[in-house]
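K.L.:
This note's numbering puts the first residue of the sequence shown at 62, with every later residue one more than the last.
Heads up, the beta-carbon is just placed ideally off N, CA and C, and yes, glycines get one too.
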Amino acid sequence: LGFEKAVDGMSVGQTKTVTIPSDEAYGPHLSEMVLEVPRSQLPPGLNPQVGDMLQVQQPGGQPMPVTVTEVTDRSITLDANHPLAGKDLTFEIKLEEIQE
Numbered sequence: 062l063g064f065e066k067a068v069d070g071m072s073v074g075q076t077k078t079v080t081i082p083s084d085e086a087y088g089p090h091l092s093e094m095v096l097e098v099p100r101s102q103l104p105p106g107l108n109p110q111v112g113d114m115l116q117v118q119q120p121g122g123q124p125m126p127v128t129v130t131e132v133t134d135r136s137i138t139l140d141a142n143h144p145l146a147g148k149d150l151t152f153e154i155k156l157e158e159i160q161e
């Protein structure tokens, strides 16, 4: 949606910088998508570090990517939000051609 609005009215060859608000990009960062997991629930031998990408299984069995955002002796914090959620995005766009 954000890109569609950005190119609306542009001419072929035109370049512009556009900022797409987070609500029109990856949405807001949702606190309910962040959870703390006791280390006792981690698979043996897993030594997570902040920034690691992991997969957890949802109750229905679907895999869900998460990012490790905090590590303590007792728990780790996992964030299932998209890494760009809650961030405005700025792009430089050049319209190369229009196809009909």
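Three or more C-beta pairs closer than 8 Å, one from the stretch 127 to 140 and one from the stretch 103 to 112: is that the case here?
P.N.:
Yes: at least three Cβ pairs fall under 8 Å.
K.L.:
Among Phe-152, Ala-146 and Gln-119, whose alpha-carbon lies nearest the alpha-carbon of Asp-84?
P.N.:
Here residue 84 refers to the residue found at position 23 of the sequence shown. Answer by Cα proximity: Ala-146.
K.L.:
Secondary structure at Glu-153, three-state DSSP: helix, strand or coil?
P.N.:
Looking up residue 153 in the sequence shown gives position 92. Strand, per DSSP.
K.L.:
Determine contact between the stretch 134 to 153 and the stretch 86 to 95, defined as no fewer than three beta-carbon pairs at a distance below 8 Å.
P.N.:
Touching, per the Cβ criterion.
K.L.:
Shortest alpha-carbon distance to Pro-104 belongs to which of Ile-137, Phe-152 and Thr-76?
P.N.:
Taking the sequence shown and counting its residues from 1, one reaches residue 104 at position 43. When each option's Cα is compared against that of Pro-104, the closest is Ile-137.
K.L.:
Please confirm whether Lys-77 and Ile-159 have their CB atoms less than 8 Å apart.
P.N.:
Here the question's residue 77 lines up with position 16 in the sequence shown. Here the question's residue 159 lines up with position 98 in the sequence shown. No.
K.L.:
Apply the 10 Å Cβ neighbour rule to Asp-140 and answer buried if 16 or more other Cβ atoms are within range, or exposed otherwise.
P.N.:
Working through the sequence shown from its first residue, we reach residue 140 at position 79. Buried, by the Cβ-count rule.
K.L.:
Where do the N-terminal and C-terminal ends of the beta strand (DSSP E) with Leu-162 fall, by residue?
P.N.:
What is shown of the chain runs 62 to 161, which leaves residue 162 out entirely.
K.L.:
In the DSSP assignment, the beta strand (DSSP E) including Ile-81 goes from what residue to what residue?
P.N.:
Your numbering for residue 81 matches position 20 in the sequence shown. From DSSP, the beta strand (DSSP E) with Ile-81 extends over 76 to 81.
K.L.:
In angstroms, rounded to a whole number, what distance separates the CA positions of Met-125 and Leu-107?
P.N.:
Walking along the sequence shown from the start, residue 125 turns up at place 64. Walking along the sequence shown from the start, residue 107 turns up at place 46. Near 18 Å, if we compare the C-alpha coordinates of Leu-107 and Met-125.
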